[in-house]
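Trainee: The structure's right below; bear with me while I get my questions together.
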Amino acid sequence: MIRSMTGFSRQQINLDGTQVIWELRTVNHRYLELSIRLPESLRHTEQAMRQQIKSQLIRGKVECTLKLEPLISEQSTIQIDTNVVSSLVKQCETLNQQLTNPAPISAIELLQWPGATLQANAGTVFPEHLRPEAKVLELLGSAIDDLNASRAREGLALKGFLLERNQAIPAQAEILRGRLPELNKAYREKLLSKLNELDIETRSERTEQELVIIAQKLDVSEELDRLDSHCQEVSRV
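Take the sequence shown: its position 132, counting from 1, is numbered 501 in the working numbering, and each next residue is one higher.
Given below as structure tokens:
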């Protein structure tokens, strides 16, 4: 089966109020090169993830990103991390003392700071009974299956494109093969004309020998035969 070297896959599940998302991207590469981005809470599972990817993929530069996004629901509440906010306020007040006309501190801007708010009942810490590692690995397997299916579909389209071109090449080669005598004659006449312009004797035995050697080097009949052979081999693959 022909598979494209490029592909994308996205798989997600809801796990205890947290959206677990795998995104996989692949581009062309001679060997298998993995890049895995994980949240800190699941960093310990990286080796198991690498083994699973290697068991399902052989080639390509693969970028794997795992995202954990809390789901906001009616049961979810937003909590403010007062320690973070207090530290931000102190830092802002210190900076304002160095400014001539400081802007007032905005509560909305403070709450937009990363880590200033916490969402209860939807985070990246899972209850022990959920076994998130197993769920995350299972979702990774689904993402890889989807990626391979995507690459197979694109590979099928590429196969049709290549076979179409492969079938057209011999016809073009045959046209060129029929024109070789004409092209060789035209080149010989052009070369003789240049020699005459330079006032070089063109009827000598040495000149004739050189012209024969040049004609042999310009003859692409063997290359055209080899091209036909390559096209036949591609059709058999």
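Here a beta-carbon is modelled for each residue, glycine too, at the ideal position from N, C-alpha and C.
(1) Give the straight-line distance between the Cα atoms of P501 and R399, rounded to the nearest whole angstrom.
(2) Assign L468 to one of three DSSP states: helix, strand, or coil.
(3) Within 10 Å of its beta-carbon, does M370 have 16 or more other beta-carbons around it, so buried, or fewer, so exposed?
(4) Starting from I353, trace the alpha helix (DSSP H) both ways and give me its first and last residue.
(5) Going by the beta-carbon positions, is the gap between R394 and E432 smaller than 7 angstroms?
(6) Is the segment 502–513 in contact with the segment 418–431, if contact means three or more CB pairs nearer than 8 angstroms?
(7) DSSP three-state label for T375, please.
(8) Quick one: what does DSSP say N609 is sitting in, helix, strand or coil?
(9) Is there at least one non-hydrogen atom of the ligand SAH closer than 6 angstroms to the beta-carbon of D515?
(10) Can you give the Cα-Cα distance for R575 and I582, rounded to whole angstroms?
Mentor: Well, looking at it:
(1) What you label residue 501 is simply residue 132 of the sequence shown in a count that begins at 1. What you label residue 399 is simply residue 30 of the sequence shown in a count that begins at 1. Computed Cα separation, rounded: 33 angstroms.
(2) The sequence position of residue 468 within the sequence shown is 99, counting from 1. Three-state DSSP puts L468 in coil, outside helix and strand.
(3) Counted from its first residue, the sequence shown places residue 370 at position 1. Label assigned to M370: exposed.
(4) The question about residue 353 has no answer, for the chain in this structure spans 370 to 606.
(5) Counting from 1 along the sequence shown, the entry for residue 394 is found at position 25. Counting from 1 along the sequence shown, the entry for residue 432 is found at position 63. Closer than 7 angstroms, so yes.
(6) yes
(7) Translated into positions along the sequence shown, residue 375 becomes position 6. If DSSP states are grouped into helix, strand and coil, T375 belongs with coil.
(8) Any question about residue 609 goes unanswered here, given that the chain covers just 370 to 606.
(9) As for the ligand SAH, it is missing from this structure, which has no ligand bound.
(10) For the purposes of this step, residue 575 is taken as residue 206 along the sequence shown, with counting starting at 1. For the purposes of this step, residue 582 is taken as residue 213 along the sequence shown, with counting starting at 1. So the two alpha carbons sit approximately 11 angstroms from each other.
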